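The next block holds one structure in the form of structure tokens; read it before the comments.
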Amino acid sequence: MSVLTPGRKVEKLDRLAELAAAPADGRGASLWREAARRLRHNPSAIAGAVILGVFVLVAAIGPFFVPYSPTDTIGVANGEVRPAAGIIPGPSAEHWLGYDHLGRDEFSRMVVGARQTLLVGVVATFIGMSVGCLIGGIAGAAHGLGGPWGRRLDTVLMRIVDMMLALPSLLLAISIAALLGPSLATVMIAVGAIAVPIFARLLRGSMIAQANAEYVLAATALGVRKHRIALSHILPNSLAPVLVQMTLTLATAIIEAAALSFLGLGNPDPSTPEWGKMLADAQRYLEISPGLAIYPAVAIIITAFGFTLLGEAMREALDPKLRT
Amino acid sequence: MALLDVTDLSVTFVHRGAPPVHAVDGVSFTVDEGEVVGLVGESGCGKSVTSLAIMGLLPRRGVRVGGRAVFAGRDLLTLDDDARRDIRGREIAMIFQDPLSSLNPVVPIGVQVAEVLVRHRKLERAQARRQAAELLERVGIPDPQRRLREYPHQLSGGMRQRALIAMAVACQPRLLIADEPTTALDVTIQAQILDLLKELVRSSGTALIMITHDLGVVAGLCDTVNVLYAGRVVETAARVPLFADPYHPYTVGLLGSIPRLDRARGERLTPIPGSVRDLLPWAEGCAFAPRCDRRTDACLDGSPELTRVVAPPRAYRCVNPVRSAPATAGEVSG
Amino acid sequence: MIRLIVRRLLQLIPTLFGLSLLLFIWLHRLPGGPETAILGERGTPELREAVRRSLGLDQPLWVQYGRFLGRLVTGDLGVSIQTHRPVWTEFAERFPGTVELTIVAMAIAVSVGIPLGYLAARRRGTWLDNLAVGGALFGICIPIFFLAYMLRLVFSVHLGWFPTTGRQTVGINATRVTGFFVLDGLLTREWDAARDALWHLILPGIALASIPLAIITRMTCASVLEVLGEDYVRTAEAKGLTARVIRQRHVLRNALLPVVTTIGLLTGGLLSGAVLTETVFAFNGIGHFVAAAIPARDYPVLMTFIMIIALIYVLVNLLVDISYTLIDPRVRVR
């Protein structure tokens, strides 16, 4: 045993007092703050966020800096591009990604295309999310709050959603597109429609799971009114999976839009560039100039991958079971 | 020589971005042939982790194990995977706390019992089935033939635990480790299971390590008791002396917090103040010091050493024990 | 058991009704009116008027729906606007090809995805795990038709390892029995024909398998990880069972349950992927036919396709549900 000086003794007693007074750690941190912390340290989340950042940046300000207009068929005008003869020049000093089959500068089209592609993805996801969450929210709320009629409403709504899910996504999109005729809006609506049943199911399931959670039972026991419980407790806690799904849907929306263009259901107007359409148009010239397909394909793949990485990282980060 | 001799066992969990957790911080105890040894302590004191370390059931990544656990002359902690698999189930067996989650839900009970026999006794399937039925009957499950084909969710909690016990004793192991086997069961079933364990152990001469937080269980079953706190043994004694004459303030506190019938009604309960989280790391002082009413300056000055008393055989880790006289009569060791 | 199946089939009926109603509404909202379903978008106004009258479009809606249902049930699906042959015949001819393609794709996805997912789970955090999971995420992000084109470009056109188009090489005289070319070859012992047909299925099969492969890998990995953390796996380890037994009987049998469900759900996605893949490889299946029908506004074909797909999807889900009750004993109610 060594000698305890009065100073050291006080130190240790202070430490003891500290320990006694400290609140239980970890319980106070909110789900969101903890998720944000996890995301900051997650390499795939960072990678996904970086990819997304670049994509949004290019989409937002890229079109102001492109060397050529995306619709000027310069190559045909000056004779350098002759697809019939099998000549479509590739990358060069003046045209970084070469020409496309109509003689337009591919690089400029790619940059401007980012904006259109982002637009399609965002609008489609937004449609899917808002309609889906509306249906799902009503179904979930009806199930919990509406009594027997509420539960019947829930069942009916879910049957409709199940029918939508019964059709594989692309076919659902084809059916809708066939009705509406090929256009940009068609693609956005059709792709959005694919996402509607997913969000509906998700939000409804999340709300019902929350409604059965113990904290809701506790709130009810304390006398909090049902609609307040729904609005201030259940709804915010059900949002986490919706956010995750939103990110993942953005990824698949872009790809499904490309598939619709491939089938001829997209925007027939050849002027406004959009990566999916560019990819679809380029299939015919694969042997002459594979780059025309590869550039938009790679762009789509990387962007979708970025969204997917971020979405998956968010799902892990928001998973309450993984909390320490 | 002892059947199992655990010396300075330590288990540390390391996670990226978090300080290491010393779940077990220098635990030593012995188990003789046929002895029933209790490991007692609150949740989080490291008793379960100790048994998992002995069995070699801890994950390999993120876990550091130190010390020695010598069983029948071999150090279990240094064995390779195949050797461990040979010993587990055959020489050392273990039963766990929650009988429902400890059973495979999609495989019939009979198969789960028989597979131990097939593995270690190299029996044919039909033979193993027959022995499985006998084992089920032995542990008190009625109508064993029918039960063989049933699934875990079709049995009651008590029967599931009996089935798990049957699996554990199937190959007549020399040591059985029971980690809180009755905590998840009703009180009446608890008594039955404990009686079953006692009977099996006495009749076959199997040694038993009983891990529990319930002193009542200890009182009815164990020959020797080790009290754990914050990953270390703080007191070891035979059953009667521990209850009649505890040395360590923690043991005193544990015994004192049990509600008793022979006190006056309306008398307040006496819990130990604070919680398990209020502890000092052993390196700085006695981990129990923040909650101890016998705390002195010496308690804050590095880890108290273990004082062994030779006759009667006891040990305690305290510099200001409840009764200090026997400190003179034995070796002092870490 | 039988009662369960019957009950499920009965529950199917309202869904089918709902689907037929949706189809009916869809037909009615076609640009140009329902007569477009027969004439396409051409035809003089008088012709269109005549068709309208023959379709009974002056009758109340519910009468029209009844007649529509009647036609569906008797198999009168109309005549293709492109080929002027009955839609039913066109589909019947092409159906086997798509089925063969789907089977090959699913076989690839399952035989690669499940072992890969299992390994990724076992070697969590290693390069294999990251590669498998990353690759799976990546696979979902590749547009199928692009992948199909690239595969064809590299392996067929440039390397010549695989045929570039179609179901069978022109010039090979194969006897047709069932319409399933590989099966036909095997049945008639024309081994060359069978092998040739199989060879035509490989590249499109790989392209089609990319998405299900990714999904199955991830699902298996997640499911195995979850099961590995379960108590009954710990019990199995404590019994000293061999790694092989633990993997087969305890881990996989539980982990694969949700994967089986997923496989059923993936079938729908395979059919829509077939539309794209068959087009790229000029593979004469339903998908290719439908893809051509879209720009041609061949509505009878489109309507039939939607109906068939929905039917198949619903039936497959039913099968998966039923199989679940067979595999998981906990689900068998009474």
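Protein chains in written order, with the working numbering: chain A, 1 to 324; chain B, 1 to 334; chain C, 1 to 334.
Glycine is no exception: its CB is placed at the ideal position from the N, C-alpha and C atoms.
All of these numbers come straight from a predicted model, not from anything done at the bench.
Whose C-beta lies closer than 6 Å to the C-beta of residue i among residues of the same chain, with five residues either side of it excluded?
i	result
Ile176 (chain A)	Ala190, Ala193
Gly201 (chain B)	In the sequence as presented, Gly is not what sits at residue 201 (chain B); that position holds Val. Excluding residues within five positions, the ones whose Cβ falls inside 6 Å are Leu208.
Val123 (chain A)	Met188
Cys292 (chain B)	Pro249
Phe307 (chain A)	Thr247, Leu250, Ala251
So, at 8 Å on beta carbons, what are the nonlocal neighbours of residue i in its own chain, with the 5 sequence-adjacent residues on each side left out?
i	result
Ala132 (chain C)	Leu116, Gly117, Leu119, Ala120, Thr217, Cys221
Val330 (chain A)	Nothing can be reported for residue 330 (chain A): it is not among the residues displayed for chain A, which extend from 1 to 324.
Leu103 (chain B)	Ile109, Gln112, Pro152, Arg160, Ala163, Leu164
Asp328 (chain C)	Leu257
Ile144 (chain C)	Ala207, Leu208, Ser210, Ile211, Gly273, Leu276, Thr277
Pick helix, strand or coil for residue i, following the three-state DSSP scheme.
i	result
Pro23 (chain A)	The predicted position of Pro23 (chain A) is uncertain, since its pLDDT is 40 and thus under 50; no value can be drawn from it.
Thr413 (chain C)	Not covered by the structure: residue 413 (chain C). The range shown for chain C is 1 to 334.
Gly67 (chain B)	strand
Thr270 (chain B)	coil
Met110 (chain A)	helix
His22 (chain B)	strand
Val309 (chain B)	strand
Glu214 (chain A)	helix
Ala29 (chain A)	Note that Ala29 (chain A) scores 48 on pLDDT, short of 50, meaning its location in the model is unreliable; the coordinates nonetheless yield the value given after this. Correct three-state label for Ala29 (chain A): coil.
Arg29 (chain C)	coil
Thr296 (chain B)	coil
Gly227 (chain A)	Looking at the sequence itself, residue 227 (chain A) is His, so the reference to Gly does not match. Of the three classes helix, strand and coil, the one that applies to His227 (chain A) here is helix, per DSSP.
Pro259 (chain B)	coil
Gly276 (chain A)	helix
Thr236 (chain B)	strand
Asn226 (chain B)	strand
His95 (chain A)	coil
Arg195 (chain C)	helix
Leu103 (chain B)	coil
Leu4 (chain B)	strand
Ser10 (chain B)	strand
Ile135 (chain A)	helix
Leu286 (chain A)	coil
His101 (chain A)	coil
Pro315 (chain B)	Note that residue 315 (chain B) corresponds to Ala in the displayed sequence, not to Pro. Looking at Ala315 (chain B) - three-state DSSP - the assignment turns out to be strand.
Val259 (chain C)	helix
Can we count residue i as close to the ligand HEM, meaning its CB is less than 7 Å from some heavy atom?
i	result
Asp72 (chain A)	Annotation note on the ligand HEM: not contained in the displayed structure, which lists no ligands.
For residue i, which residues of its own chain have a beta-carbon under 7 Å away from its beta-carbon, when the five flanking residues on both sides are left out?
i	result
Leu228 (chain C)	Ala121, Val251
Asp25 (chain A)	Residue placement at Asp25 (chain A) is flagged as unreliable, the pLDDT there being 41, under the threshold of 50; the coordinate-derived value follows with that caveat. The answer is none, since no qualifying residue turns up.
Thr50 (chain B)	Leu9, Val24, Val27, Leu39
Ala170 (chain B)	Val113, Val116, Leu117, Leu135
Ile306 (chain C)	Leu23
Inset, instruction - Could you list the residues in the stretch 206-222 of chain C with a C-beta less than 7 Å from some C-beta on chain A, going in chain order? - result: none
Inset, instruction - With 7 Å as the C-beta to C-beta threshold (strictly closer), list the residues of the stretch 89-123 of chain C near chain A in chain order. - result: none
Legend entry - the stretch 294-304 of chain A / the stretch 22-38 of chain B touching (three or more Cβ pairs under 8 Å): no
Inset, instruction - Examine the Cβ distances between the stretch 277-295 of chain A and the stretch 103-111 of chain A and report whether three or more of them are shorter than 8 Å. - result: yes
Inset, instruction - Mind checking the stretch 95-123 of chain B against chain C and listing, in chain order, the residues whose C-beta falls within less than 9 Å of any C-beta there? - result: Ile95, Phe96, Gln97, Asp98, Leu100, Ser101, Ser102, Leu103, Asn104, Pro105, Val106, Val107, Pro108, Val111, Gln112, Glu115, Val116, Val118, Arg119, His120
Legend entry - Contact list for the stretch 255-281 of chain C against chain A, Cβ threshold 7 Å: Under the 7 Å Cβ criterion, the stretch 255-281 of chain C contributes Gly268, Gly269, Leu271, Ser272, Val275, Leu276.
Inset, instruction - Taking only beta carbons into account, state which residues of the stretch 159-190 of chain C come closer than 9 Å to chain B, listed in chain order. - result: none
Inset, instruction - Determine, using beta-carbon pairs with one atom in the stretch 38-53 of chain B and one in the stretch 214-224 of chain B, whether at least three such pairs fall under 8 Å. - result: Remark: three or more beta-carbon pairs, one from each stretch, lie closer than 8 Å, so the stretch 38-53 of chain B and the stretch 214-224 of chain B are flagged as touching.
Inset, instruction - Mind the definition here: the stretch 5-13 of chain C touches the stretch 267-276 of chain B only if three or more C-beta pairs lie below 8 Å; say whether that holds. - result: No, they do not touch.
Legend entry - Whole runs of the beta strand (DSSP E) within the stretch 163-224 of chain B, excluding any shorter than 3 residues: 175-179, 207-212
Inset, instruction - Assess, as a yes-or-no matter, whether the stretch 94-103 of chain C is touched by the stretch 185-192 of chain C under the definition of 3 or more beta carbon pairs within less than 8 Å. - result: no
Inset, instruction - Please go through the stretch 54-100 of chain B and give each complete alpha helix (DSSP H) segment of 4 or more residues, from N-terminal end onward. - result: 81-87
Inset, instruction - Select from the stretch 157-169 of chain A all residues with a C-beta closer than 8 Å to any C-beta belonging to chain C, and list them in chain order. - result: Arg159, Ile160, Asp162, Met163, Ala166, Leu167, Pro168, Ser169
Legend entry - Stretch-stretch touch, CB-based, cutoff 8 Å, three pairs: the stretch 256-274 of chain A with the stretch 218-230 of chain A: no
Legend entry - the stretch 53-79 of chain B: positions lying closer than 9 Å to chain C by Cβ: Residues passing the 9 Å Cβ filter: Met55, Gly56, Leu57, Arg61.
Legend entry - Inter-stretch contact at 8 Å, needing at least 3 Cβ pairs: the stretch 290-306 of chain C / the stretch 79-87 of chain C: yes
Legend entry - Residues of the stretch 230-243 of chain C whose Cβ lies closer than 9 Å to any Cβ of chain B, in chain order: Glu230, Asp231, Tyr232, Val233, Arg234, Thr235, Ala236, Glu237, Ala238, Lys239, Gly240, Leu241, Thr242, Ala243
Legend entry - Contact set between the stretch 174-206 of chain A and chain C, restricted to residues whose Cβ is under 7 Å from the partner: Ile174, Ser175, Ala178, Leu179, Gly181
Legend entry - Cβ-based contacts, 7 Å cut-off: residues of the stretch 305-332 of chain C near chain A: Ile306, Ile309, Ala310, Tyr313, Val314
Inset, instruction - Pair every Cβ in the stretch 234-247 of chain C with every Cβ in the stretch 149-160 of chain C, then say whether three or more of these pairs are closer than 8 Å. - result: Output reads no: the stretch 149-160 of chain C does not touch the stretch 234-247 of chain C.
Inset, instruction - Inspect the CB distances between the stretch 177-190 of chain B and the stretch 81-96 of chain B and report whether three or more fall short of 8 Å. - result: These segments touch.
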